[in-house]
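Heads up, the thing below is written out as structure tokens.
Numbering (this note's numbering), first residue to last: 72 to 199.
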């Protein structure tokens with residue numbers, strides 16, 4: 072899996088660079104409610120199974136201005152549906168800490184859902 076190429080399908084991703092330890096350093100800008108956040112952090116591929124078309128990631132990030140951080144465990148799986156069709160299955164468990172966690176779950180859930188929807192659209196266009 073080409074992590075940088077796939078990551079650039081995430082709305083707001085500004086940069087991603089490989090590190091010597093196998094992780095990727097990334098910067099993402101996101102507007103959550105009335106606040107614009109700039110997250111810096113890492114993406115680490117924990118597991119990759121080419122036969123199952125599955126990859127597991129750990130994402131860690133923080134925004135210094137607001138004083139919040141997050142940790143996400145994410146599983147991405149491609150499920151063949153036919154000769155020209157593939158289902159993308161994304162499962163993520165995210166914990167928000169600090170002031171970021173105080174923004175309110177409904178706001179964060181809406182932003183997460185819209186970000187995933189746009190990621191899927193961007194990825195489909197890239198693969199078309």
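Glycine included, each C-beta is placed from N, C-alpha and C at the ideal position.
| Asked | Found |
| --- | --- |
| Between the beta-carbon of residue 97 and the beta-carbon of residue 106, is there less than 9 angstroms? | no |
| Going by DSSP in three states, residue 164 sits in which element: helix, strand or coil? | strand |
| In the segment 95 to 142, which residue ranges form an unbroken beta strand (DSSP E) of at least 3 residues, counting only runs that do not cross its ends? | 95 to 103, 106 to 120, 125 to 134 |
| Just to confirm before moving on: does the CB-CB distance between residue 104 and residue 140 stay below 9 angstroms? | no |
| Pair every Cβ in the segment 146 to 153 with every Cβ in the segment 174 to 190, then say whether three or more of these pairs are closer than 8 angstroms. | no |
| Does the beta-carbon of residue 114 have 16 or more other beta-carbons within 10 angstroms, so that it is buried, or is it exposed? | buried |
| Alpha carbons only, please: which of 72, 102, 94 is nearest the one belonging to residue 180? | 102 |
| Taking only the alpha-carbon atoms, compute the straight-line gap between residue 166 and residue 119 and give it to the nearest angstrom. | 23 angstroms |
| Excluding the 5 residues preceding and the 5 following residue 78 in the sequence, name in chain order all residues of the same chain whose CB lies nearer than 6 angstroms to its CB. | 84, 87 |
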